[in-house]
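Accompanying notes for the structure given below.
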Amino acid sequence: AQSVTQPDIHITVSEGASLELRCNYSYGATPYLFWYVQSPGQGLQLLLKYFSGDTLVQGIKGFEAEFKRSQSSFNLRKPSVHWSDAAEYFCAVVPPGGAQKLVFGQGTRLTINP
Amino acid sequence: DAMVIQNPRYQVTQFGKPVTLSCSQTLNHNVMYWYQQKSSQAPKLLFHYYDKDFNNEADTPDNFQSRRPNTSFCFLDIRSPGLGDAAMYLCATSRGGTGGETQYFGPGTRLLVL
Chain A
335 AQSVTQPDIH ITVSEGASLE LRCNYSYGAT PYLFWYVQSP GQGLQLLLKY FSGDTLVQGI
395 KGFEAEFKRS QSSFNLRKPS VHWSDAAEYF CAVVPPGGAQ KLVFGQGTRL TINP
Chain B
3 DAMVIQNPRY QVTQFGKPVT LSCSQTLNHN VMYWYQQKSS QAPKLLFHYY DKDFNNEADT
63 PDNFQSRRPN TSFCFLDIRS PGLGDAAMYL CATSRGGTGG ETQYFGPGTR LLVL
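First to last, the protein sequences are chains A and B.
The number in this note's numbering is simply the position in the first sequence, starting from 1, with 334 added.
The number in this note's numbering is simply the position in the second sequence, starting from 1, with 2 added.
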């Protein structure tokens, strides 16, 4: 079935440590790829997106993501997390031919230890 | 600043009492979306408007309706709220086009059904 998967429901890292959040998709062709962040009780904010071209994408707040076609993955990374990065992170895709429809992964909740 | 505004931020209603949630945008975007997000879950698309064209998701209950009187405003009507409709409701907008356009989210309205 066509889907977006975030394998990790909850991740805890220490402040200052590096972070990688995983995202895999299963579509016949490469979809448009997005990462959103949601702070508690808030709406979603776009961190970055990939449509084509350079497979390493830079986003806001020091985040980056790497598209790997061979692994059908679009993992989000940050070299050094801050306590303010604690939030829910959603990987999302617009499927091939999906026009306006955004399909979300299940989300990964990030906790930061001081 | 151009933005997506949702009112109210918190709404309390009674079981079976109709309720309307409001969304407005200053981005002049063609597409407006309504998502339902239950606790610890990903947002689920209910429907969207592309200009005046209404697009309902196949699994959206008939209890949920929407109106878009003009480009700037879109409303979500819940005709007879049940306890299971308690959730965060997110409005989003995008420019539209062939696909892959970024969706911009409002802060959400949290609905409580008593």
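We put the CB at the ideal spot given by N, CA and C, even for glycine.
query: What residues of chain A sit near Ser96 (chain B), judged by a beta carbon separation below 9 Å?
result: Counting from 1 along the second sequence, the entry for residue 96 (chain B) is found at position 94. Result: Gln434 and Leu436.
query: According to DSSP, is Gln43 (chain B) helix, strand or coil?
result: Mapped onto the second sequence, residue 43 (chain B) falls at position 41. Three-state DSSP puts Gln43 (chain B) in coil, outside helix and strand.
message: Can you confirm whether Gln105 (chain B), when its beta carbon is compared against all beta carbons of chain A, has any partner nearer than 8 Å?
response: Position 103 of the second sequence, counting from 1, holds the residue named residue 105 (chain B). Closer than 8 Å: yes.
message: For a contact defined as C-beta to C-beta under 7 Å, what are the partners of Gly377 (chain A) on chain B?
response: Counting from one through the first sequence, the residue named residue 377 (chain A) turns up at place 43. Per Cβ cutoff of 7 Å: Leu92, Phe107, Gly108, Pro109 and Gly110.
message: Less than 8 Å between C-beta atoms, sequence neighbours within five positions excluded: which residues of the same chain meet that for Gln39 (chain B)?
response: Counted from its first residue, the second sequence places residue 39 (chain B) at position 37. For Gln39 (chain B), where only same-chain residues beyond five positions count, the Cβ hits under 8 Å are Pro45, Lys46, Ala89, Met90, Tyr91, Leu92 and Gly110.
query: In whole angstroms, what separates the C-alpha of Leu78 (chain B) from that of Trp36 (chain B)?
result: Locating residue 78 (chain B) in the second sequence gives position 76, counting from the first residue. Locating residue 36 (chain B) in the second sequence gives position 34, counting from the first residue. One C-alpha to the other measures close to 7 Å.
message: Please identify, using Cβ separations under 8 Å, the residues of the region 376-402 of chain A that lie next to chain B, in order along the chain.
response: Gln376, Gly377, Leu378, Gln379, Leu380, Lys383 and Phe385
message: Under 9 Å, CB to CB, which of the residues in the region 41-61 of chain B have a partner in chain A?
response: Ser42, Gln43, Ala44, Pro45, Lys46, Leu47, His50, Tyr52, Asn57 and Glu59
Burial state of Lys487 (chain A) (16 or more Cβ within 10 Å): No answer is possible for residue 487 (chain A): it lies beyond the span of chain A, which begins at 335 and ends at 448.
- request: Measure the C-alpha to C-alpha separation of Val21 (chain B) and Asp64 (chain B) and round it to an integer number of angstroms.
  value: Counting from one through the second sequence, the residue named residue 21 (chain B) turns up at place 19. Counting from one through the second sequence, the residue named residue 64 (chain B) turns up at place 62. Using only the alpha carbons, I get a separation of about 14 Å.
- prompt: So, helix, strand or coil for Arg411 (chain A), using DSSP?
  reply: To locate residue 411 (chain A), count along the first sequence from 1; it is residue 77. Arg411 (chain A) falls in the strand class under three-state DSSP.
task: Check each candidate in A:Glu349, A:Ala421 and A:Ser406 and name the one with the smallest Cα separation from Gly473 (chain A).
output: Given a span of 335 to 448 for chain A in the structure shown, any question on residue 473 (chain A) remains unanswerable.
message: With a threshold of 8 Å between beta-carbons, can Gly102 (chain B) be considered close to chain A, or not?
response: As a position in the second sequence, residue 102 (chain B) is number 100, starting the count at 1. For Gly102 (chain B), the answer is yes, since a Cβ of chain A falls inside 8 Å of its Cβ.
Helix, strand or coil at Leu382 (chain A) according to DSSP, with G and I counted as helix: As a working mapping, residue 382 (chain A) is identified with position 48 in the first sequence. Three-state result, Leu382 (chain A): strand.
- prompt: To the nearest whole angstrom, what separates the beta carbons of Thr95 (chain B) and Gln27 (chain B), a pair I think is in contact under 8 Å?
  reply: Here the question's residue 95 (chain B) lines up with position 93 in the second sequence. Here the question's residue 27 (chain B) lines up with position 25 in the second sequence. Between Gln27 (chain B) and Thr95 (chain B) the Cβ distance is about 5 Å, and since that is below 8 Å, they are a contact.
message: Taking the alpha carbon of Cys25 (chain B) as the reference point, which residue from B:Arg81, B:Tyr52 and B:Ser68 has its own alpha carbon closest?
response: In the second sequence, the residue the question calls residue 25 (chain B) occupies position 23. Cys25 (chain B) has its Cα closest to that of B:Ser68, out of B:Arg81, B:Tyr52 and B:Ser68.
- prompt: Apart from the five residues on each side of it in sequence, which residues of its chain come closer than 6 Å, Cβ to Cβ, to Val371 (chain A)?
  reply: On the first sequence, position 37 is the one that residue 371 (chain A) refers to. If we look at Val371 (chain A) and ignore the five residues flanking it on each side, its Cβ neighbours are Gln379, Leu381, Ala421 and Tyr423.
- request: Drop a sphere of 10 angstroms on the beta-carbon of Gly18 (chain B), count the other beta-carbons inside from all chains shown, and report buried for 16 or more, exposed for fewer.
  value: Against the second sequence, residue 18 (chain B) aligns to sequence position 16. By the 10 Å Cβ count, Gly18 (chain B) comes out exposed.
Beta carbon proximity, Val33 (chain B) to chain A, threshold 8 Å: Taking the first residue of the second sequence as position 1, residue 33 (chain B) is located at position 31. Taking Cβ atoms only, chain A reaches closer than 8 Å to Val33 (chain B), which makes this a yes.
- prompt: DSSP puts Arg443 (chain A) in a beta bridge; with which residues?
  reply: Counting from 1 along the first sequence, the entry for residue 443 (chain A) is found at position 109. In DSSP, Arg443 (chain A) forms a bridge with A:His344 and A:Glu422.
message: Could you pull the DSSP bridge partners for Asp55 (chain B) from this structure?
response: Residue numbering aside, residue 55 (chain B) sits at position 53 when the second sequence is read from its first letter. Answer is B:Tyr52, bridged to Asp55 (chain B).
- prompt: For chain B, is any of its Cβ atoms less than 8 Å away from the one on Val428 (chain A)?
  reply: Here residue 428 (chain A) refers to the residue found at position 94 when the first sequence is read from its first residue. So yes, Val428 (chain A) belongs to the interface.
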